[in-house]
Structures are given as structure tokens and as C-alpha cells.
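These notes concern the structure reproduced below.
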Amino acid sequence: MKKRYLTILFLVLLVVFTYGSSKKIVLNSSAFNGLKAREIGPAVMGGRITAIAGVNGNPDTLYVGAAGGGLWKTLNGGTSFTPVFDEWTMSIGSIAIDQKNPKTVWVGTGETNMRNTVSIGTGLYKTEDGGRIWQKIKGFENSERIAKIIVHPGNSKIVYVAVAGHLWNDSKDRGLYKTADGGKTWKKILYVDEKTGCIDMDIDPQRPSVIYAAMWQFRRKPYFFTSGGKGSNLYRSEDGGKTWKMIRKGLPKGELGRISITIAPSRPGTIYANVEASKKSGLYVSYDMGENWKFKNDSMFITMRPFYFSRFVVDPKNFRRLYFTGLMLSTSTNGGKTLSFPFSFKGGIHPDIHAIWINPNNTKQVFVGCDGGVYRSNNYGKQFEFLSNLPVSQFYHVDYDLESPYNVYGGLQDNGSWYGPSKSYNRGIQNKEWINVGGGDGFYVIPHPKDSDIIYYSWQGGEFMRYNRRTKETKSIKPLPTKKGEPKYRFNWNAGIALSPGDSDTIYIGAQFLFKSTNRGDKWVKISPDLTTNNPEKLQQARSGGLTKDNTTAENHCSIVTISESPLNKNLIWVGTDDGNLQITRDGGENWENVVKNIKGLPPNTWCSSVETSRFSEGRAYVTFDGHRTGDMNTFVYTTDDYGKTWKFLTTDSIKGYSHIIREDLKNKNLLFLGTEFGLYISIDRGENWAKVKSVPNVGVRDIKIHPKTNDIILATHGRGIMIIDDITPLRALNSDILNAAAFVLPSRVSYMSTPTSFQEFPGDGEFFGQNPPEGAMITYYLKKRHIFGTLKIQVLDKNGKIIQEFPGTKSKGINRIYWGMRLKAPKAGNAPGLSPMISQGPMVAEGEYTIKLIKNKKTFEGKIKLLPDPKEAHTKEERAVRHKAVMKLYGMLENLGFIADNTGSLIKQIKEIEKKKKYKKLAQYKKELTGFHKSMVQYGGLMTEPKLRGEVLGLYSSIMMYGGKPTDSQLHNIDVLKFKIDNAKKRYKMLMNKLNSINNYLKKKHIKELKIMEIKKYKEKK
Amino acid sequence: MKKLFIFVLIILIGGFVYSETLESILNKNYETRGGLEKLKSIKTMYSEGKMVNSQQNAEISMKMWFKVPNKFRTAVNFMGKKIVQAYDGEKAWWIMSFISPKPQLMPEKQAKDLKDMQSSFLPLVDYKKEGNKLELVGKTDVDGTEAYKLKMTKKDGKVIYFYLDADSGIELKTEMFINRGGEELKVETIFSDYKQVDGIYFPFYIETKSAGMNSGKITLTKIELNKQMNDSLFTMPEEPKETTKIKK
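Which chain is which? The protein sequence lines are A and B, in order.
In short: position in the first sequence from 1, add 18, done, that's the working numbering.
In short: position in the second sequence from 1, add 13, done, that's the working numbering.
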């Protein structure tokens, strides 16, 4: 026994000590600290909004929850928003503000608009300081979707939480929960079964022990949705949830589906319910606490797609005014008897309304959240304005072109197909810079690689378009059956589409068959048999929906969803299907092999979310599978090196979320990028280790592209628009040796020296600006540990070893990135007593290679960066040289003038000091001359006064710098004119200096401190 | 033998579960910085530095004076224009020579922000004396470096978070929120390049970030402790008369 103890002890110690001693660093998240993902939006179209809640006592404070874009807060009634939940989960189900302590906010994650593409939640959260710090509440980790939260109006410790629960599988976590101690302990107070969740509830504001709850039986499969069943029912408790009574009198007989229930706050005796039923779906009302229900309305606008809408709100002051979510917003002013709709001569509001909030202090003001973002009405929802400031757009795919700056292209959930710039010449990328090419739900948007007129785009169910950017014409190029008796083509909601990497006119689209066109879609060739399981059980989309039928292609199944042609062999094509097949052809489609059977450990029929053929080795491919649509939330990432015969599992514990996309780097075969439902992961050793990029929130990363010219990673996120990580050159160099070095200067891409642009616009504080890439040359370095003690700085040296600039470096552990402006110091152009334009920019440095020195205490680490003129400006070397010479001449002139002006100004100041004690005629005369001279050089009045010599030279200096090429003839000759003026000023200065000697002699005699001036050398050195 | 085993086990477990308290973390901080006695001996601090913008190749030089308990003055010179911000313990004032060469009382909002940000230069030493509440939030990380997060609630309710390096206890970062009426800005101040001055470690690098943008990196070039400083340095100079007259 003793011996065994000793052995265990020995082993424990061994583990502890080996762990302690061999601390070889493997890749972890902090390595990517300096790789900031920039969110470029856009916010021109919103993404789906799931919840809106405002503070009753201060309705300028509102929270908005998105389907995949997190939680946002405004303190100004919606003019501007800030994300307050980015560390957590992006899919918001419900928000509840404790109106007694409005800094306390509860957030239930997991959307409950149960469409095919919803994300998942991770439980219940609470903040007590208005969203700065969030606490994850224990007990809801497995809830997946929280439909509603209500804080007891009189007792903040009592909170009710309606858990709808899992969408795709059984779960015991469903039901209505209650806490009486502010969230420490919970009791499940209403539960039906593993298939039935709590989808809605309300509590009587005057008698808060009265609670109404709607239970809903629902289930989604990859190919089918069912709403309704025996579990669906309406309940009431009068004792705070201890006992419940089913309340169905007057409601339709037979099975029920989703129900929404709302008490009229101004008259709690009136209760409305929107009921999905097998017999008569519609709005019902009860005036006796739900004992008896009366039918009110069954308009299609309140009964269609209950799984997606159903919800409604009652005006807090008027029990007859109701607002319904739905395909369109509908309102009633007579308790639901008749409906009306917002009226618009103009754009109107985006369809598919999910969230409504009415300002209780001013019930005319209504906020509406829909598939297109948030809208605000100031007249009871008659007309609306769009809050175009929430970048929560939901992209499916992304692409790019080769322009400079390049454009990004992508399709969005219910928001069509778009493209926009990756960089703006304004302070950021604005909504107005985005261009729409097509409607519907957008998926692939791909510019033709060679013909800039052509953009391919698609919408749901395989609708495939070829758009002409110049003529704006669109041609539908979807493959259609061409032979009698051919089966109907089955296209997924998000049908697989791919461009050939080798031939710019060749495109692919997948139904159950793979189609190839070599002429941009004008003629298709079917190059495969049915590559799916063709399982009739999974081809029932026409019957999908449950009590309310719903066939929108969202349940189309047994179809191709991912296609990849090998960049090394055009006859090698991989195809993945939604029903779990992985097919490969090596002869251009003659023969296909389903190799999914070779993947050990993968559950059968798991949706193949992406396949990527290697550009380095023909037999190599990467593939991701996604089982979340059957409730399997695991990450499945595999690679093969032998055309699919054997597979290696690449998932590690560091990866969270089911996987959407894997991408191999264009240059480094060991560098891989993985997008999951919870963010972006990178591996630098071909999948052995993975680490999360923290600057990308836990958002669904649906597509990843690597730009071949800029080396940027472009992400299609399903909730936070497009994100870009600029220049991954340093990642291509990163390896285990560097990770274990104390510090290392990593390579960066060539930096282009662009001429700065100017803009003038005052769009107000609601304007959304997508982040531009920072200006300047990138300097990237790695630190093994955070720098805390001693100096860490960066020097930039030219080819002669002269230090051009020195600045402090950032100190984070991992990759740091800092931007150098590539400029000389601004010239010293003299101070002016009045307001005058300032110079903050020096001329650009010469092109070429520069040395970067990273100085960390006594150690120096070196690297190089390369600067080149911006190729798109296309000025010849000679032209640039003329400009540079002119700028440098003016630079010298400014400094000379500054020297004269500052010395003159200093003399005036010194005389004024003397005159404070006593005035001398001789000095006064000298001062007068100096002042006259000084005034001819620099401005004494405000900005609006006549510019003096300094202003003239400065003006010319700035205007020549504005343009990258040869200055105009006028500009070049004007330099000489100004030089003549400065020479004259020099002469006048010399005369005044000659007088200085006699003045100083005079002062000496009077025992007064002599007047001093500065030497020119010292002047130029002085900072 | 069994005893030895238990003893070793206790040490091992102890090593794993031993958690720091607010007091032990603060003590580590004082010790690393040079000791509580030394920190408390500071009566004044004068420093010079520059704000360097790597993207512009422009430098702004600055000088700062602190005098215990809460007087301070900063002077910035940019292109010959002077900006002075000061607080004498009661009044916050400034000279914005871009607008007017005359000293003026700061608008209430800015005055409050300024006081919040710099009312004490040893906030972790003097928090009790200043009537502030300090609590340990827990262990977290600053860009991957383990740190303790401390929450300071000031007398007036204003909250500042401190992030102390788990190894050395030294300040890595503070975080606070500034309400600009309708907009709340998160302001982070990052400290690094600690060097000793008279046996006390001071950060010679101070970076202020707001809303994720780099907004200012200050490198100090000189720190002098316990230099004689007159109170008049911090009080707003009296204007003879008509100080409020604005020239149109």
C-alpha cells in the first residue's frame, strides 16, 4: 500500500516538475494579440434583431439584441450604439431590465426565432453595472435558447426565465424557471417534456403572483421542421408558479403550436394570445384571466410562420393598441379586430419583424427590430426611420477583387448581395459606399476574376445570377432540367457554388448533381450522378412546418453544399453534401468516390460544411463537418494526404463551436484558418495546435478568404458583417522557434506610400464608419512575455544607418503591431501670436528598405521593412523626384523663415519683459521695427486674417504635398517667388541683427540683461 | 512515510489552491514598487515626457507636477501653443492657448473627468485615506498576461478597475468609463517601462486608449521626487479684471 502511495506521489511530482521545467511555448491565443480584426460592417442593412428593451425611467437607454451580432446599448435613444457583450455570446434570445435597479440587466442567450440558420446560446447572464461586467448564471449552460425573462416588478430578487431549449434534439433543460434570490438558486416551476419548451410568459403587473406561460412543442431537423403537438398548451399560475392550471376554454380544439401571450399593462384583466392551432390559428382575447377566450382575428399577417414571428406587444397606456411581429408590422387600434400597416411612399421598413419596444413615457415612440435592423417611429408606427448604425449584418460567404483598395463581396441572410470597399478615403467605410447587386437571401457573390463587369451572385435554393456591373442587367443562370423525365434539381438553401481556380470562365454549382459551365453559366454540363444519399425520408420539404406549413427552400436536403476544384489539377474536384457525403473525382467527373466512409469517428450523415483542396499537394484536402442540425455541437475537422483514403482528425480542445469553414494559406502550407460558430482559429503547424483570435468576437465565421495581393484575411461573419485582419505575412513566418524567442521582429508586407486624401462631411453622430486599415507602414514584432520593466522602443533607420524616427513600442505578449507614418519630422515653421494653420506633417521619406530596431532594455532585435510608392498613383520616378525636390526646398525655406520669425518674436518678448520695469525709447523703437517685420512674416490676428509669408510658404508646401506626382508649373515657379521674399526677409533680418549689437551695448551700460537670439543649428535641433 | 506523503500532498494542493487576497496583492504591489514606506515618503513628483505619434513623426513635449494629496498641473507645448491643465484640490482650470491665452475654469464635465483620472498618483496606497473602496474582482488577463483585477469605487461612486500583474503585482492597466452625456467611453490606461527613481519603480510609458483606438502614448524622460513645489503652481492665476470678457 505504502509503495503504491509512493509511486503515485512520485508520478505527481514528476508531472509537476516536468511541467514546470519544460515550458516550451505552443501556440495560444495571446500570440495573436496584435492581429486586430477590423469590423468594416456594413450597417446599411441590419442583421436580424431578436430583442429590444428600454429603461422605463430613462428611455434614452436601450439594449438591442441581435440574432448573431451580440448585445448593443445606446444612451441616446438610438443615435449611436456600443456593443456591451462581445466577450460572451452573439445570439441573443431575450433581454430584461430590472426597472427598479435599471443597471441590472438579464440577458438570455440563444435566439428563439426558430429558422434553419439560427445560432445557439450559452445560457443566462446578468450585469449589475449596466453592461460593463457580466456574470454567467449557473444552471443554464445547456439551455441553448432563452425565450423570455421577467423580473418581478416589486421584488428584484424574483426572476422568471422561460427556456425554450434545444432546437434540434431532446432536452430536459426546457421549461419555466424561477429564482427568489437574485439568481443564486433556481427552481423549474413548469415543465412538460423533453420536446416542449417555454416560449412565452407574462406576469400580471398588479398581482405579480399571477403568471401565464405558453409551452411549445417544436423540433427542427436538417430537412424538416415541426411546430406543434400534444405538449403545446397555455397555463396559468396564481401562486407565483407553485401550481398551474391549463387554460384552453375558447381556444381551438386539437393540437396547438406556438403561442404568444401578453397582458395589456394598462388593464391587466385583458389578455391577448396569438395562437397557432391545427384548426383556427389567430388572435384570441380573454377578459377573465384566461378562463375564457374569444376569437379576434386570423389575418395571415399575424398567423403566418409562427415559428419565426408570433410575438406582439400591447401599448402600455392603451389596452386596445397592439403591434404584431410578422412578415410586415401590423397594428391594431381596436383590440385586434382590424389591422393596419405602416404607410410609406418611400423605402418603408424591412420585412420580417421580430422585436418591438414602445417607450412607456411617450407611447407614440416605437422601436422595431427585424431582419433588416432597427427602425424608430415617432407616430405609433405609421412611418419609420432606419437606425443605420448597427453592424450586425449576417454574411454567408465573402469574396474579393484585385482593385486597390480591393472590394469585398458577400451575400447576407435576408439582405441580398452586396459589395463595398475594404478601405475608404473618408474616416471610415460608410454605408453609402456599399452597392447592392441583388435581393433575397444572399449567399455567394463572386466577381469574375478577369472581367470586371461580371459579378455572379446567388440567392436561396440555388438561384444563380450573372450581373453586369456596367449595364446593371441580370441574367438567371441556374441550371434547369433539359431532358424529359429528368428528376427535379434539388438545391440547398445555401447551394454550393465555386469558381475554377485555373480557368476564370469556369464555374460550378451543386444540386444533387454537380454542374459545370465553361462559359460563365450560359451552358451547363452535368458532371456527376446524384452525389447525395437521395434518401426519400429527407426529401419532404413540401410538407415541412408542422401545424403551419412552411416551404421556403430552407428545408431542401440531399444536395451539394461545398465544392472545391484542385488548384494543381483541374480534373480533381471535391464535393461535400448536406447529408454527409464527401465525394472526389480525379477525372473531371467521370468517376466519383464517396470517401466519407474512410473517416473514422465521424457520425454518419453529418453535414459537410466545407472542403478545401490543398494548393501544395494534390492528394491533400481539408474538410469540416457540422452536426449541429441534429444537436451534435462537436467540431469536426479532418485532413487527408492521399485523396481521402486515410484521414487525420485535427480538432483540439482549444476549438469551440461547430465548424463552418477551413482555409489553407496561399503561401505557407502549415498555416490554416478555421471558422466555427464561435469565432476564428489559426494553426501554424497544419492543425496540430489551434488558437483563437480574440479580436474576432464569438461570432459565427461562415467563410474565410485570403487576399493574394494584400495578404489580408477576410471573414464573412454571420452577425458582425465583414471583418478583415490586415496582412498575415508575420503569421507565415511564425514558428516554434520564434514563439520561444524573447522577442522577434517579424516580416510585414511591402508598405505603399500613398498620398493622403482629404474629405469634408458632417453626417451626424449616427453615422456608421467601418474601420479603415491604420495608415502607415506596418511594423510587427513578437514578444514572448509582456514587457513591463525597462525600456522597449522602436527605431527606424535608413540605409545609411541614420535614425529616422524613434517611438515607443506596444508591450503585449505575442504579436504586436505598430504603424509608422513614413515621414520626416514636420518642419519648424515659426510660431505665430495669432491663430494660424499648423504643420503637423513632414514630407514622405524616400522609398526603399528600412531597418527596424526593436530595443528591449539592453537587447536589440532587427528586422526590415520595404517602402514603395503607391502603384495606383502611377507617377514616374522622375516626376516623384521633381516633387520631392520641391517639397524639400520648401521644407528648408520654412525652417529658415521659422528661424528668423522665432528669433524676431523672441526679441520682442524679451523687450516686453524689460519694459515691464521701465520703458526705454531706444528699445521701443527697436521693438517697433521688429514687430513690423514679425507681422510681415506671421499672423497676428485670427484664422480669417490675411496669411503672411509663413502662410504663403506653408500653403505651397501643403498643396504640392497633396499630389504624388510632378507639381504644376505655377507651383514650381511660385517657389522662386517665395524664395525671393524670404531672401528679402533675410536681408531685413540681417539689418535688424546688426542693430542688435548696439542695442545690447546700450543695455549693458544700463546694467540690463542683454537680448539673446538662438543659433540656427540649435534651432533646427530643438524639439 | 504516510505523514511525509500527506505533508507533500498538502504542499502540492496548497500550491494549487492558494489564492491571493486583496491585501496580499496590494502588498506585492507595494513591495515591487519599492516598499510602502518609500511610496509614502513621496510628497511631490515632477516629470517630463513626450507624446510620440509614430504615424505622424510629431512629438508633443509635456511637463507634469504632482503634489500630495491631490494637486497637479500638466503643461503641454505643441507648435508653440501652450495647454495647461491644473487642479489645486478644489478648482480645475486650464489654459487653452489655441482658444485664449487666459486661464479659465474648466467646464464641469471635463473637470470631473480630469479629477477622476488623476486625482491621486498613488491610488492603491491612499485609497482608504481618500475614502475609496477597493475590492478584488478576481484573476483575469491583460492580453494574455495573468493579472488581478481590482475594482475601486470612489467616494462619489465613480468606478476604476486596476489590473495588476500576477507575478509582480505592478499596475499593468487601469480601466474606467467616462460618460459624455449620451455616450459612454471606455478609457484604458496602460503602464509599462517601469524604472527606478530613488528606489521606487515608476512607469515611464503611459498609453491612453479609448474605444479601441490608440489615443496617446507618453514616454517619460525624467522623474524627480520631492522637489520643492509652491502651491501657487496649482492655483489658477488671478486675472486683474474682466476675465470673462470675450473678444469677438
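Cβ coordinates follow ideal geometry from the N, Cα and C atoms, glycine included.
Cα-Cα separation, residue i to residue j
i, j, result
"glutamate 197 of chain B", "aspartate 78 of chain A", "13 Å"
"glycine 65 of chain A", "asparagine 433 of chain A", "8 Å"
"valine 169 of chain A", "proline 226 of chain A", "10 Å"
"valine 210 of chain B", "isoleucine 873 of chain A", "21 Å"
"methionine 906 of chain A", "valine 392 of chain A", "52 Å"
"lysine 190 of chain A", "lysine 146 of chain B", "43 Å"
"glutamine 69 of chain B", "aspartate 471 of chain A", "39 Å"
"serine 39 of chain A", "asparagine 758 of chain A", "Here serine 39 of chain A scores only 44 on pLDDT, less than 50, and its place in the model should not be relied on; the value that follows carries that caveat. Computed Cα separation, rounded: 14 Å."
"methionine 741 of chain A", "proline 250 of chain B", "51 Å"
"serine 47 of chain A", "valine 384 of chain A", "42 Å"
"arginine 1048 of chain A", "serine 317 of chain A", "With chain A represented from 19 up to 1041, any question about residue 1048 of chain A goes unanswered, as that position is not in the structure."
"leucine 269 of chain A", "tyrosine 507 of chain A", "42 Å"
"glutamate 896 of chain A", "asparagine 449 of chain A", "39 Å"
"tryptophan 477 of chain A", "threonine 669 of chain A", "32 Å"
For residue i, the residue or residues it bridges with in DSSP
i, result
"valine 169 of chain A", "A:Val177"
"arginine 56 of chain A", "A:Ile742"
"aspartate 644 of chain A", "A:Trp625, A:Thr653"
"proline 465 of chain A", "A:Ile473"
"glutamate 933 of chain A", "Paired residue(s): none; glutamate 933 of chain A is not in a bridge."
"proline 826 of chain A", "A:Lys811"
"valine 455 of chain A", "Answer is none; valine 455 of chain A lacks a bridge partner."
"lysine 239 of chain A", "A:Phe242"
"lysine 311 of chain A", "Rather than lysine, the amino acid found at residue 311 of chain A in this sequence is tryptophan. Answer is none; tryptophan 311 of chain A lacks a bridge partner."
"tryptophan 124 of chain A", "A:Ala114, A:Lys144"
"asparagine 66 of chain B", "B:Ala71"
"phenylalanine 175 of chain B", "B:Leu163, B:Thr187"
"leucine 430 of chain A", "A:Phe413, A:Gly434"
Contact list for residue i against chain B, beta-carbon separation under 8 Å
i, result
"asparagine 94 of chain A", "Gly195, Glu196"
"arginine 841 of chain A", "Gln69, Asn70"
"tryptophan 838 of chain A", "Ser67, Gln68"
Interface partners of residue i on chain B, CB under 7 Å
i, result
"glutamate 825 of chain A", "Inspection of the sequence shows that residue 825 of chain A is occupied by phenylalanine rather than by glutamate. Ordered by position in chain B, the residues that pass the 7 Å Cβ test against phenylalanine 825 of chain A are Val65, Ser67."
"histidine 805 of chain A", "Ser205"
"asparagine 589 of chain A", "Those within 7 Å of asparagine 589 of chain A in chain B number zero; the least Cβ separation is about 46 Å."
"lysine 154 of chain A", "Here the premise fails: no neighbours, minimum Cβ distance about 13 Å."
Residue burial classification, residue i (beta-carbon count within 10 angstroms, cutoff 16)
i, result
"glutamate 793 of chain A", "exposed"
"alanine 224 of chain B", "exposed"
"alanine 795 of chain A", "buried"
"valine 62 of chain A", "buried"
"phenylalanine 363 of chain A", "exposed"
"lysine 493 of chain A", "exposed"
"tyrosine 305 of chain A", "exposed"
"arginine 445 of chain A", "exposed"
"valine 543 of chain A", "exposed"
Contact list for residue i against chain B, beta-carbon separation under 9 Å
i, result
"glutamine 1073 of chain A", "In the structure as shown, chain A starts at 19 and stops at 1041, and residue 1073 of chain A therefore has no counterpart that could be examined."
"arginine 394 of chain A", "The contacting residues do not exist; arginine 394 of chain A stays about 15 Å from chain B at best."
"threonine 922 of chain A", "Result: empty, since nearest Cβ-Cβ is about 14 Å, beyond 9 Å."
Proximal residues of chain A, C-beta to C-beta of residue i below 9 Å
i, result
"isoleucine 183 of chain B", "Ile806, Phe807"
"aspartate 178 of chain B", "Arg804, Ile806"
"lysine 51 of chain B", "By Cβ distance, chain A contributes nothing, its closest Cβ being about 17 Å from lysine 51 of chain B, past 9 Å."
"glutamate 208 of chain B", "Glutamate is not the amino acid found at residue 208 of chain B; the sequence shown has lysine there. Result: Phe807, Gly808, Thr809."
Exercise for review: Could you run through the segment 767-781 of chain A and flag, in chain order, every residue whose CB is less than 8 Å away from some CB of chain B?
Suggested key: none
Exercise for review: Anything in the segment 154-174 of chain B with a Cβ closer than 8 Å to a Cβ of chain A? List those residues in chain order, please.
Suggested key: Contact annotation: in the segment 154-174 of chain B, residues whose CB is within less than 8 Å of a CB in chain A are Asp154, Val155, Asp156, Gly157, Thr158, Val172.
Practice item. Output, in sequence order along the chain, the residues in the segment 212-231 of chain B whose CB is closer than 7 Å to any CB in chain A. Key: Tyr218, Lys230
Point to revise | Residues within the segment 808-823 of chain A neighbouring chain B, beta-carbon criterion of under 7 Å | key: Gly808, Thr809, Leu810, Gln823
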